[in-house]
Amino acid sequence: MAKSSSSLAIAARDEQSAVVLVVEGVLDADNSAALRDAIMKATLDEPSAVIVNVSALHVPQQPAWSIFVSARWQLDTQPNVPIVLVCANRTRREAITHTAVTRFMPVYPTEKGAMKAIGRLTNRKLRHAQTQLPSHLNSLRESRKLVREWLTSWSKPGLIPVALVIVNVFVENVLEHTGSDPVVRVDSDGATATIAVSDSSSAPAVRLQSPPKGIDVSGLAIVEALCRVWGSTPTSSGKTVWAIIGPENQL
């Protein structure tokens, strides 16, 4: 049992081939990093899944749920290990579904239900590729080249045009606004793909307000128009900006 100074307790146990984390207390800015790191570390030995039971976790501020997305985007997290949530409280479970969390990890009412779902989750065909590029303008071209190669090898040619636009915007923002070497990552699970770029700046990516007149042609406005959903998620080393695309986003 681990307990933070901010009244967050995390208990871990092995359940068959999975790791179960039972989290109790109040999630806030002071202890969210501890929870994120605990989830990330639980994936390192590559269990069949990491089940996080948040039934007794209180989250006063709705944006705090994003810490679970942050755990998914930690560079050391094993992408092939499913992370699933358990929440017995129906109202709280519905609140979770209204965040970006369930875009990356499902939520179940019971641990038993989560355990039953593990087989289906581990049998999914998850594709993953990642590389770090230098902080140089040539990385714009290289990132597009790599994304094209990855999606082609995964038989996702229809997603390539929009993916190239998105990765170009993300890498360009890293080069323009940070001194970071961008880390480009693409995941594909079924019909969708997630395009993500990480950097070492903690400043979130924010879409600028649309001008009172004229057309908003900012990079993130274009990304928002082309994808299902996008977000900027803090990580222990900076942030990850991501976008999910599907068949309806083909150009």
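For the record, in the sequence shown the residue sitting at position 27 is 8 according to the numbering used here, with numbers rising by one throughout. For each residue, glycine too, the CB sits at the ideal point set by N, CA and C. What you are looking at is a predicted structure, and each value in this text was computed from that prediction instead of being measured.
Inter-residue distance for residue 44 and residue 89 is about 20 Å (C-alpha atoms, whole angstroms).
DSSP, reduced to helix, strand and coil, places residue 128 within a helical segment of the structure shown. Annotation: the continuous alpha helix (DSSP H) that includes residue 53 extends over 47 to 54. Closest by C-alpha distance to residue 112, out of 220, 36, 162 and -11, is 162.
Per the coordinates, the alpha-carbon of residue 73 lies some 13 Å from the alpha-carbon of residue 82. Secondary structure of residue 187 (DSSP, three-state): coil. Unbroken alpha helix (DSSP H) runs of no fewer than 4 residues, entirely contained in the segment 10 to 46, are found at 13 to 24, following chain order.
With respect to residue 232, residue 142 sits close: the two C-beta atoms are nearer than 8 Å.
Note on residue 8: 16 or more other CB atoms within 10 angstroms of its CB, so buried under the neighbour-count rule. Beta bridge pairing from DSSP links residue -4 with -1. Looking at 109, 220 and 209, the one whose alpha-carbon comes closest to that of residue 229 is 209. Scanning the segment 93 to 149 from its first residue to its last, the whole beta strand (DSSP E) runs of 3-plus residues come out as 107 to 113. Distance from the Cα of residue 120 is smallest, within the candidate group 47, 132 and 154, for 154. Judged by their CB atoms, residue 37 and residue 31 are not nearer to each other than the 8 Å cut-off.
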